[in-house]
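In the working numbering, the protein residues as written are 317 to 489.
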């Protein structure tokens, strides 16, 4: 007989800590110290407890080229009760925005082909999409990228990781 046996020991906790499912890990330098090593952080943190339903369902477009991240975020937002579609590149994002007329776009800036900056400029140039709120969700934390996203027309510039609570607050307003 050929096979493997795996054993695991689980510890019981009186009160489990708030847990998150980690769907993608990014390497981010610690505090700029050349001696420090990069740390790993989740790009989106999803609570393992049930999500409360949004009082007002929104039309949301998620634009993200990492499939694990896009699927996790789409699942989270749908669980909240929102109508969600997604694009994994800028070309598809532009076409979907035309078709679905989202109220909110969660936009990764570092997309292949057409960048997130360009997608945002296109959305802002379309009169039919003037009311759309565009939120950059990116690993680009430097001030120059914040300035570029604002100049492109992003309403907010969020740095990964982003928690479910942040999405709830944005979509409630």
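Ideal placement from N, C-alpha and C gives every residue a C-beta, glycine not left out. Since the model is a prediction, treat every value here as computed from it, not as a measurement.
Inter-residue Cα distance where the pair is residue i and residue j
{"i": "residue 372", "j": "residue 410", "result": "25 Å"}
{"i": "residue 441", "j": "residue 388", "result": "30 Å"}
{"i": "residue 496", "j": "residue 429", "result": "Residue 496 cannot be examined here, being either before or after the span of the chain that is shown, 317 to 489."}
{"i": "residue 398", "j": "residue 435", "result": "22 Å"}
{"i": "residue 414", "j": "residue 449", "result": "14 Å"}
{"i": "residue 416", "j": "residue 375", "result": "8 Å"}
{"i": "residue 432", "j": "residue 423", "result": "6 Å"}
{"i": "residue 460", "j": "residue 406", "result": "21 Å"}
{"i": "residue 446", "j": "residue 467", "result": "15 Å"}
{"i": "residue 396", "j": "residue 462", "result": "28 Å"}
{"i": "residue 484", "j": "residue 370", "result": "7 Å"}
{"i": "residue 344", "j": "residue 454", "result": "Because the pLDDT at residue 344 is just 38, under 50, the model does not fix this residue reliably, and the value given afterwards should be weighed accordingly. Cα to Cα, residue 344 sits roughly 12 Å from residue 454."}
{"i": "residue 475", "j": "residue 458", "result": "10 Å"}
{"i": "residue 465", "j": "residue 383", "result": "23 Å"}
{"i": "residue 443", "j": "residue 472", "result": "20 Å"}
{"i": "residue 404", "j": "residue 390", "result": "12 Å"}
Span of the beta strand (DSSP E), counted from its first residue to its last, around residue i
{"i": "residue 306", "result": "The structure shown does not extend to residue 306, since the chain is modelled only from 317 to 489, so the question has no answer here."}
{"i": "residue 452", "result": "449-454"}
{"i": "residue 475", "result": "472-475"}
Span of the alpha helix (DSSP H) around residue i
{"i": "residue 394", "result": "383-395"}
{"i": "residue 531", "result": "Summary: the structure shown does not reach residue 531, with the chain confined to residues 317 through 489, and so no result is reported for it."}
{"i": "residue 462", "result": "459-468"}
{"i": "residue 434", "result": "432-441"}
{"i": "residue 370", "result": "It is not in any alpha helix (DSSP H) - residue 370 carries neither H nor E in the DSSP assignment."}
{"i": "residue 481", "result": "480-488"}
Which residues DSSP lists as bridging residue i, in chain order
{"i": "residue 421", "result": "377 and 450"}
Cβ separation of residue i and residue j, assumed to be a contact under 8 Å, to the nearest whole Å
{"i": "residue 378", "j": "residue 400", "result": "6 Å"}
{"i": "residue 481", "j": "residue 456", "result": "Not really, about 22 Å apart at Cβ, beyond 8 Å."}
{"i": "residue 402", "j": "residue 386", "result": "5 Å"}
{"i": "residue 470", "j": "residue 486", "result": "With a Cβ gap of about 12 Å, residue 470 and residue 486 do not count as contacting."}
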